[in-house]
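Numbering (my numbering), first residue to last: 19 to 81.
If you want it as structure tokens, here you go:
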């Protein structure tokens, strides 16, 4: 799977896999990409309700 086609969840899975293989740089890279993708969702108007509450359904989204 190409990196551009990966979801944030895919990147987290990859990060865990690389961390288990002691490749910290690759693990951190995938984790940062996942964070960036989640943040991108937060700034999209269609994912925020009228009170500007994020309308996401992912672990840890209860901001």
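Virtual Cβ for every residue (Gly too), placed ideally from N, Cα, C.
Straight-line CA distance for residue i to residue j?
i	j	result
residue 40	residue 61	33 Å
residue 22	residue 51	10 Å
residue 20	residue 34	18 Å
residue 43	residue 32	12 Å
residue 59	residue 24	14 Å
Going along the chain, which residues of its own chain have a beta-carbon closer than 6 Å to the beta-carbon of residue i, five neighbours each way excluded?
i	result
residue 29	48, 51, 52
Give the C-beta separation of residue i and residue j to the nearest angstrom, bearing in mind that I take them to be a contact with Cβ-Cβ under 8 Å.
i	j	result
residue 45	residue 54	So it is not a contact: roughly 15 Å between Cβ atoms.
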